[in-house]
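Here's the structure, in structure tokens; my notes come after.
In the working numbering, the protein residues as written are 594 to 1000.
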């Protein structure tokens, strides 16, 4: 795990057993709201949106990219010291904004308005991710708990699985006058509201954070940190193509709606468990080795997504996506913080920004290729090649990264 000073930390009084458990649970719920719903519920709702609003794959890619532009903007803004001492309030405000923006998606059918809303949702997701994670992981590191990161980041997978269940259950409510996608967005907003209230009640700390020095030092770039940031950015490009279009790919006459639901549910469940399970490989491979393995496994999963017959392809693709993407995301950020112990928040923000750039380009390229080829096979293959290349880069740089980490 990363050193204690590598993250913003809260006052020691918040680290008693009960408070630490409450903080970890608060972090998990926050990630479920901000990421599972605020970011990723677009994926299971997208097929209904394409039907209700007549969206093309290119339109869907544009809307997705707008969200990632907002995420990038939030990551860049978070790199500065303006939020010092106000992390909890900003994180809670971001969760409240996520709730409102989920509801707003059900009030329009305009591509332009969809894009504007998703931009703001991306901004809110980045703020919640960075500031809430700083509080939760900082307290976990002070307590030397390896379970806090697993619980915290596992919330993303829990949110994904729950969003899938909501999309499946929303039509059962049968609210008159609402389209399928409207019901999905409004249901998600209600769940997000409940989650935000719980986080506000459980999350402590974050009003006095840091290592006593106030603002962080400027980021010092090294070859290992540059390699991690580069591969993290291209990982954003590769994973997001499947993460955005998996359910749309599953909407096949031979598969039916049950396959859509199961594909995203499996993605969420496997994501929720992935960090805990991959942790057993860390003593043998190290964080960087597991990070590289995750990239290569995910690349193989994408190949299977376009190689297997329906309905197995989206189900296996969802399993392997969920089993890797959250672990790669979490471990990548942990490695980045260890490589920049004097500037952990800046390292997190720059890596998140690189990730955001990849996510912006990914859906645009995928939507454009899918519209011209008539399927998502070529975009998925491109994503697999990119992820494989990232894995190779990390393997080549592994000795330098391990040396920089002191192991």
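Think of the CB as a built atom: it goes at the ideal place given N, C-alpha and C, for glycine as much as any other residue.
* Whole-angstrom distance between residue 718 and residue 892, CA atom to CA atom -> By one-based count along the chain shown, residue 892 stands at place 299. By one-based count along the chain shown, residue 718 stands at place 125. About 26 Å.
* In chain order, what residues of the same chain lie with their CB nearer than 6 Å to the CB of residue 980, ignoring the 5 residues before and after it? -> On the chain shown, residue 980 is found 387 positions in, with the first residue counted as 1. Excluding five sequence positions before and after residue 980, the CB atoms of its chain that fall closer than 6 Å to its own CB belong to 831, 888, 891, 892, given in chain order.
* Please report the residue range of the alpha helix (DSSP H) in which residue 876 lies. => Along the chain shown, one-based indexing puts residue 876 at 283. For residue 876, the enclosing alpha helix (DSSP H) stretches over residues 875-900.
* Give every residue of the same chain whose Cβ lies closer than 7 Å to the Cβ of residue 683, excluding the five residues on either side of it in the sequence, and list them in chain order. => Position 90 of the chain shown holds residue 683. Result list for residue 683: 676, 720, 724, in chain order.
* My understanding is that residue 858 touches residue 758, with C-beta atoms under 8 Å, so please give their C-beta distance in whole angstroms. => Residue 858 sits at position 265 when you count from the first residue of the chain shown. Residue 758 sits at position 165 when you count from the first residue of the chain shown. That pair is a contact at about 7 Å.
* To do: Report the rounded CA-to-CA distance for residue 773 versus residue 834, giving the unit in angstroms.
  => Within the chain shown, numbered from 1, the residue matching residue 773 stands at position 180. Within the chain shown, numbered from 1, the residue matching residue 834 stands at position 241. Counting only the Cα atoms, residue 834 lies some 24 Å from residue 773.
* What residues in its chain sit with their C-beta under 6 Å from that of residue 699, if we drop five residues either side in the sequence? -> Position 106 of the chain shown, counted from the first residue, corresponds to residue 699. Exclusion of the five residues before and after residue 699 leaves 775, 778, 779 as the residues of its chain whose Cβ lies within less than 6 Å of its Cβ.
* For residue 817, which three-state DSSP category applies? -> In the chain shown, counting from the first residue as 1, residue 817 sits at position 224. Helix, per DSSP.
* Asked: Who are the near neighbours of residue 629 in its chain, counting only those whose CB is closer than 6 Å to its CB and skipping five residues on each side?
  -> As a first step, residue 629 is located in the chain shown; it is residue number 36 there, counting from the start. Taking C-beta separations shorter than 6 Å and ignoring five residues to either side along the sequence, the partners of residue 629 in its chain run 749, 752, 753, 756, following chain order.
* To do: Would you check if the distance between the CB atom of residue 990 and the CB atom of residue 885 is smaller than 7 Å?
  => Sequence index remark: in the chain shown, residue 990 carries index 397 (1-based). Sequence index remark: in the chain shown, residue 885 carries index 292 (1-based). No.
* Asked: What residue range is occupied by the uninterrupted alpha helix (DSSP H) comprising residue 711?
  -> Mapped onto the chain shown, residue 711 falls at position 118. Residue 711: member of the alpha helix (DSSP H) spanning 704-720, first to last residue.
* Cβ of residue 940 within 7 Å of Cβ of residue 933? -> On the chain shown, residue 940 is found 347 positions in, with the first residue counted as 1. On the chain shown, residue 933 is found 340 positions in, with the first residue counted as 1. Yes, they are a contact pair.
* Asked: Just the Cα atoms here: how many angstroms apart are residue 771 and residue 645?
  -> Stepping through the chain shown from its first residue, residue 771 is reached at position 178. Stepping through the chain shown from its first residue, residue 645 is reached at position 52. Going by the C-alpha atoms only, they are around 10 Å apart.
* Shortest alpha-carbon distance to residue 742 belongs to which of 623, 680, 709? -> For the purposes of this step, residue 742 is taken as residue 149 along the chain shown, with counting starting at 1. Nearest Cα to residue 742 within the set 623, 680, 709: 623.
* Asked: How would you write the range of the alpha helix (DSSP H) that residue 973 sits in, first residue to last?
  -> Here residue 973 is taken as the residue at index 380 of the chain shown, counted from 1. It spans 970-998 - the alpha helix (DSSP H) in which residue 973 sits, taken as one unbroken run.
* **Cβ shell of residue 657 (< 6 Å), same chain only, five flanking positions each side left out** => For this step, residue 657 is matched to residue 64 along the chain shown. Within the same chain, residue 657 has close Cβ partners 837, 956.
* residue 997 versus residue 713: straight-line alpha-carbon distance, rounded -> For the purposes of this step, residue 997 is taken as residue 404 along the chain shown, with counting starting at 1. For the purposes of this step, residue 713 is taken as residue 120 along the chain shown, with counting starting at 1. Residue 997 and residue 713 have their C-alpha atoms roughly 37 Å apart.
* Asked: Can you list, in chain order, the residues of its chain whose CB lies under 6 Å from that of residue 841, leaving out five sequence neighbours each side?
  -> As a position in the chain shown, residue 841 is number 248, starting the count at 1. These residues qualify, in order along the chain: 639, 640.
* Asked: How would you label residue 984, buried or exposed, when you count the other beta carbons within 10 angstroms and need 16 or more for buried?
  -> Position 391 of the chain shown, counting from 1, holds the residue named residue 984. Classification of residue 984: buried, given that the 10 Å Cβ count is 16 or more.
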